[in-house]
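Asker: Protein chains in written order, with my numbering: chain A, 58 to 205; chain B, 395 to 476. Just so you know, even glycine gets a beta-carbon here, dropped at the ideal spot from N, CA and C. The model shown is predicted, which means the values in this text are computed figures rather than measured ones. This structure is in structure tokens; I'll ask about it shortly.
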Amino acid sequence: MSEKKPKKVFIDGPITPEFVAKSIASHSTKKDIGAHSIFLGQVRNDLIGDKAVAAIEYTAYPEMADLKFHEIREAAFAAYPLTCLHIYHSLGTVLAGEISLFVFTSAIHRAEAIKACEFIVERIKHEIPVWGKEILEDGSAVWKVNTV
Amino acid sequence: MDTEKSKITLLAFGQLTDITGQSTWEMEDISDIDQLKAILIEKYPALAQAKYLVAVNMEVIRGNATLKPGDAVALLPPFSGG
Chain A
58 MSEKKPKKVF IDGPITPEFV AKSIASHSTK KDIGAHSIFL GQVRNDLIGD
108 KAVAAIEYTA YPEMADLKFH EIREAAFAAY PLTCLHIYHS LGTVLAGEIS
158 LFVFTSAIHR AEAIKACEFI VERIKHEIPV WGKEILEDGS AVWKVNTV
Chain B
395 MDTEKSKITL LAFGQLTDIT GQSTWEMEDI SDIDQLKAIL IEKYPALAQA
445 KYLVAVNMEV IRGNATLKPG DAVALLPPFS GG
């Protein structure tokens with residue numbers, strides 16, 4: 058059993074800069090933290106043929122995703138001495154240039170925060186049942202394929 | 395117990411919903427994953443070319459496995475989150 062309770066990961070629509078800023082601010086009371094590492098995934102305006110991606114529509118298998126996010130959290134806390142860990146992922150429509158993934162790790166020293174953040178992002182990309190449908194500028198759509 | 399007992403629930407996600415035309419449905423009298431795949435390909439030939447994993451009750455199963463009534467069988471195309 059873990060002392061860390063399951064947390065809400067999915068956010069409807071984009072993750073706003075204000076949300077990220079508030080998350081940072083809320084850690085000012087935790088004065089044993091010496092380092093934060095933040096990963097922000099942004100929707101890119103890739104060219105598909107000759108049309109640019111205007112947005113991504115994210116869907117998920119939410120129950121399985123929650124289970125996998127929990128496993129990844131547990132693995133991260135087991136592998137790295139983290140003080141704090143937050144993961145947020147968008148569902149629904151996120152426009153090109155907006156943020157769809159926010160991973161935030163905090164530790165006493167920087168090495169652990171940085172390594173843990175990368176570990177978590179890689180596992181999310183490979184293990185979380187989320188799918189992105191790329192909506193192109195002419196309104197047509199293609200399913201996103203992640204780079205390995 | 396009841397007439398629903400032989401049913402499993404199918405869940406399709408992402409690009410697979412373009413092939414199946416539905417995201418959740420029930421199927422009866424399916425004994426294992428291999429049988430399920432064969433029946434699905436018969437119904438949706440494009441599935442034969444599709445890349446996907448099968449998860450039974452949210453656990454990814456590689457290869458064949460027996461299915462029991464009430465199982466939730468999810469067809470998961472390659473993940474593309476983040």
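Work out the CA separation of Gly475/B and Leu275/A for me, nearest whole Å.
Answerer: In the structure displayed, chain A extends from 58 to 205; residue 275/A sits before or after that span and is not available.
Asker: Let me know the alpha helix (DSSP H) ranges lying completely inside the segment 129-191 of chain A, each 4 residues or longer, listed in chain order.
Answerer: DSSP runs (the alpha helix (DSSP H)) wholly in the segment 129-191 of chain A: 167-184.
Asker: Is there a Cβ of chain A sitting closer than 8 Å to that of Ser400/B, yes or no?
Answerer: Your numbering for residue 400/B matches position 6 in the second sequence. Judged by the 8 Å Cβ criterion, Ser400/B is not in contact with chain A.
Asker: Does the beta carbon of Ser187/A come closer than 8 Å to any beta carbon on chain B?
Answerer: Numbered from 1 along the first sequence, position 130 holds the residue referred to as residue 187/A. It should be noted that the sequence gives Val, not Ser, for residue 187/A. Cβ-Cβ to chain B under 8 Å: yes for Val187/A.
Asker: Which residue marks the beginning of the alpha helix (DSSP H) containing Leu434/B, and which one marks its end?
Answerer: To locate residue 434/B, count along the second sequence from 1; it is residue 40. Per DSSP, Leu434/B belongs to the alpha helix (DSSP H) from Ile427 to Lys437.
Asker: Taking Cβ positions only, does Tyr118/A come closer than 8 Å to chain B?
Answerer: If you number the first sequence from 1, residue 118/A lands on position 61. Answer yes: the Cβ-Cβ gap between Tyr118/A and chain B drops below 8 Å somewhere.
Asker: May I ask you to report which of helix, strand or coil DSSP gives Glu120/A?
Answerer: Residue 120/A sits at position 63 when you count from the first residue of the first sequence. In the structure shown, Glu120/A sits in a helix (DSSP, three-state: H, G or I).
Asker: Going by C-alpha distance, which of Leu441/B, Gln443/B, Ala442/B and Ala459/B is nearest Ala449/B?
Answerer: For the purposes of this step, residue 449/B is taken as the residue at position 55 of the second sequence. Ala449/B has its Cα closest to that of Ala459/B, out of Leu441/B, Gln443/B, Ala442/B and Ala459/B.
Asker: How close, in whole Å, do the beta carbons of Glu144/A and Val66/A come, if the pair is a contact with beta carbons under 8 Å?
Answerer: Against the first sequence, residue 144/A aligns to sequence position 87. Against the first sequence, residue 66/A aligns to sequence position 9. Strictly speaking, residue 144/A in this sequence is Ile, with Glu absent from that position. Going by Cβ atoms, the distance from Ile144/A to Val66/A rounds to 5 Å, so yes, they are a contact pair.
Asker: Based on the DSSP output, what are the partners of Ser197/A in its beta bridges?
Answerer: As a position in the first sequence, residue 197/A is number 140, starting the count at 1. Looking at the DSSP assignment, Ser197/A forms no beta bridge with any residue, so it has no partner.
Asker: Taking the alpha helix (DSSP H) that Lys79/A belongs to, which residues open and close that run?
Answerer: By one-based count along the first sequence, residue 79/A stands at place 22. Counting along the chain, the alpha helix (DSSP H) containing Lys79/A begins and ends at Pro74 to Ala82.
Asker: Can you confirm whether Lys201/A, when its beta carbon is compared against all beta carbons of chain B, has any partner nearer than 8 Å?
Answerer: Against the first sequence, residue 201/A aligns to sequence position 144. Taking Cβ atoms only, chain B reaches closer than 8 Å to Lys201/A, which makes this a yes.
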